[in-house]
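I have placed the structure first, in the form of structure tokens, so that the comments after it can refer back to it.
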Amino acid sequence: MKIYNTTKGILVQSENSFYLVNENWDDFFNNDNLYDKAQDIARKGSPINNAQDILANDLLVPMKSQELWASGVTYFNSKLGRQEESKGAGGGDYYERVYNADRPELFFKATVNRAVPSGGKVNIRKDSTWDVPEPELTLAITSSGKIIGYTIGNDMSSRSIEGENPLYLPQAKTFDACAGLGPCVFLTKEALPTDTKIAMKILRKGEVVFEDKIEINKIIRKFEDLVSYLYRECSFPTGSFLMTGTGIVPTTAFTLQSGDEIQITIDHIGTLINYVR
334 MKIYNTTKGI LVQSENSFYL VNENWDDFFN NDNLYDKAQD IARKGSPINN AQDILANDLL
394 VPMKSQELWA SGVTYFNSKL GRQEESKGAG GGDYYERVYN ADRPELFFKA TVNRAVPSGG
454 KVNIRKDSTW DVPEPELTLA ITSSGKIIGY TIGNDMSSRS IEGENPLYLP QAKTFDACAG
514 LGPCVFLTKE ALPTDTKIAM KILRKGEVVF EDKIEINKII RKFEDLVSYL YRECSFPTGS
574 FLMTGTGIVP TTAFTLQSGD EIQITIDHIG TLINYVR
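Heads up: the sequence shown begins at 334 in the numbering used here, then just goes up one per residue.
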């Protein structure tokens, strides 16, 4: 089951059929039994025949009042990348420590006004010289802390700013159009298979300039543990989203340019496409 947030309402997808629901996104999303509700909608409702037009023209970020947070250094590749970019500033040891610590690195990423949907344009900072997208499996979580599904996140990052000093992380991560999210929330009662693949492809003027993939079994953290730390002393009345980190780290020779197309595909969920402003 998949759900999409659109200007026309909420689209529920069951296999190849779509059902339009006229409900407030926050109330609809924040439901520990959302999978069952979506199934009931598909069982009792009448499918619409213009779903593809709605998805092409009216797609929104699958969030409203939810906050988007992110996890850092959850893959070995990410640890190495962070150590490399910060070694000149003496920050490499911090990433080694957090990779092995019980407490994960968690940071605030965006609200809906700084996130863009699939097909939207993400931003690179004008005061940055080294910018990359970070493809991330993203957890959809209710206010009670229950993981009800998954979506795709594009954690736009300034590696030059973060590498200069780890204390600059908020500036490297949070700015206008700093995140892509979507295209849908994949609802499931089961955990994703451990061999689920995350793949990213970046095109420049129609040519592939970067391509890589990784399986989510390379994440060293349990999703439930990440959620547990996120919800310690923080309440999320309408639920939240949590990016689980990236294992795909472009080399120091690569930086995004205006006009680049970023394609992030995760098995079972779909493909998030963003363009660089």
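The beta-carbon is built from N, C-alpha and C at its ideal position, and this holds for glycine as well. This structure is a prediction, so every number in the text was calculated from the model and none was measured.
Close Cβ partners of residue i (< 7 angstroms) along its chain, the five nearest in sequence each way excluded
i: aspartate 545; result: Met533, Ile581
i: leucine 502; result: Phe440, Glu495
i: threonine 598; result: Ala532, Thr604
i: alanine 443; result: Leu401, Thr507, Cys511, Ala512
i: glycine 453; result: Gly513, Asn607
Where residue i sits in the DSSP three-state scheme
i: tryptophan 402; result: strand
i: asparagine 433; result: helix
i: isoleucine 602; result: coil
i: glycine 580; result: coil
i: alanine 524; result: coil
i: glycine 482; result: strand
i: isoleucine 549; result: helix
i: proline 503; result: helix
i: glutamine 372; result: helix
i: glutamate 418; result: helix
i: phenylalanine 569; result: coil
i: tyrosine 608; result: strand
i: asparagine 410; result: helix
i: serine 561; result: helix
i: valine 445; result: helix
i: serine 493; result: helix
Neighbourhood of residue i by C-beta, 8 angstroms cutoff - its chain only, sequence neighbours within 5 removed
i: valine 541; result: Lys534, Ile535
i: lysine 538; result: Gly592
i: threonine 554; result: It is worth fixing the name first, because residue 554 is arginine in this sequence and not threonine. Result list for arginine 554: Ser404, Thr407, Pro437, Thr577, Gly578, in chain order.
i: serine 490; result: Asp464, Val465, Pro466, Glu467, Ala505, Lys506
i: phenylalanine 543; result: Met533, Lys534, Ile535, Pro583, Phe587
Supposed contact pair residue j and residue i - C-beta distance, whole angstroms, cut 8 angstroms
i: asparagine 487; j: proline 468; result: 6 angstroms
i: isoleucine 552; j: glycine 578; result: 6 angstroms
i: alanine 375; j: serine 347; result: 4 angstroms
i: asparagine 607; j: valine 449; result: 7 angstroms
i: alanine 371; j: leucine 520; result: 6 angstroms
i: lysine 522; j: tyrosine 368; result: 5 angstroms
Given residue i as reference, the closest of the options once Cα atoms are compared
i: phenylalanine 569; options: Asn355, Lys335, Leu353, Asn364; result: Asn364
i: valine 465; options: Leu589, Ile602, Val609, Gly603; result: Leu589
i: serine 476; options: Ala586, Glu495, Arg565, Met576; result: Arg565
i: alanine 586; options: Asn366, Val345, Glu417, Met334; result: Glu417
i: leucine 575; options: Ser490, Leu470, Ser491; result: Leu470
i: asparagine 357; options: Arg554, Ser411, Thr571; result: Thr571
i: asparagine 446; options: Leu520, Gly478, Ser398; result: Ser398
i: lysine 377; options: Ala389, Asp360, Phe351; result: Phe351
i: arginine 610; options: Asn390, Asn456, Lys479; result: Asn456
i: alanine 434; options: Lys454, Lys412, Gly421, Asp509; result: Lys412
i: asparagine 390; options: Ser451, Asp426, Asp359; result: Ser451
Contacts around residue i, its chain only, beta-carbon distance under 6 angstroms, and the 5 residues preceding and following it disregarded
i: lysine 414; result: The displayed chain sequence assigns glycine, not lysine, to residue 414. Within the same chain, glycine 414 has close Cβ partners Val582.
i: valine 518; result: Ile336, Pro395, Ala473, Gly482, Thr484
i: asparagine 550; result: Thr527
i: lysine 530; result: Lys546, Glu548, Asp600
i: isoleucine 387; result: Thr339, Lys341
i: alanine 524; result: none
i: phenylalanine 361; result: Ile343
Three-pair Cβ contact test at 8 angstroms for the stretch 453 to 461 versus the stretch 426 to 435:
no
Counting beta carbon pairs with one atom in the stretch 510 to 525 and one in the stretch 380 to 395, are three or more of them shorter than 8 angstroms?
yes
Do the stretch 437 to 450 and the stretch 399 to 412 touch if we need at least three Cβ pairs shorter than 8 angstroms?
yes
Between the stretch 378 to 389 and the stretch 491 to 498, do three or more beta carbon pairs fall short of 8 angstroms?
no
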